[in-house]
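So for the sequence shown, the numbering used here puts the first residue at 5; every next one is plus one.
Cβ coordinates follow ideal geometry from the N, Cα and C atoms, glycine included.
Have a look at the structure below, then the notes.
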Amino acid sequence: MKIAITPANAAKIEAALKVINRDFVAHTFSTFDQIAREADNAEAAVLKLINKGDAPGAYYVTVSGDAVPNAYRYARSGTKVVLDRGSKGWFLVELRVVPVYQAGGPEWLVLTPAQDAKAIERLRKAYRVD
């Protein structure tokens, strides 16, 4: 699967979400707007670290589901989404149903080794060591 996250692909993304989530809706990603928001979050996370031109190749993983009170003792079904940064934007590359526990779904950004080096270079320009 590789679907560009654009309004033109909204129906295709929502159809893929419906297939993967089946009847689960409460703690899942189920709309294009939710996926587009995650792509925006991914872009912001990347641009904090590296330049836009260096962004292709990064990917972003997020799992749906907010934190719930301690009284909620059972795992919930959430949606794991993997987004890949291409040269023209973000692409949905993986969907999977996963268990989500009390703390809610995590999210993380993954950089290539070259992107990591550029992020470290940018960070080092922001301070001096005496």
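Go through its chain and collect everything with a Cβ distance to Ala12's Cβ below 6 Å, but skip five positions before and after it. So no residue of the chain qualifies.
Short Cβ contact (7 Å threshold) for Thr66 with Glu42: yes
Quick one, which of Arg128, Lys56, Ala15, Ala79 has its alpha-carbon nearest Trp94's? Lys56
Suppose you measure from the CA of Ile24 to the CA of Glu111; what does that come to, to the nearest Å? 19 Å
CB of Leu71 within 7 Å of CB of Tyr105, strictly: For the sequence presented, residue 71 should be read as Ala rather than Leu. No, Cβ-Cβ distance for Ala71 and Tyr105 is not below 7 Å.
What is the DSSP secondary structure of Leu127, reduced to helix, strand or coil? helix
Sequence-distant residues of its chain with Cβ nearer than 6 Å to Asp88 (five each side left out): The residues are Tyr63, Phe95, Val97.
Within the same chain, show all residues whose beta-carbon is closer than 6 Å to that of Lys84, passing over the 5 residues directly before and after it, in chain order. Hits under 6 Å: Val67, Arg100, Val102.
Are Pro60 and Gly109 touching if we call contact CB-CB under 7 Å? no
In three-state terms, what does DSSP make of Lys6? coil
Here's the rule I'm using: 16 or more other beta-carbon atoms within 10 Å means buried, otherwise exposed. How should Val50 be labelled? buried
Specify the secondary structure class of Tyr108 as computed by DSSP and reduced to three states. Residue identity check: residue 108 is Gly in the sequence provided, not Tyr. Gly108 falls in the coil class under three-state DSSP.
I need the boundaries of the alpha helix (DSSP H) containing Lys52, first residue and last residue. 36 to 53
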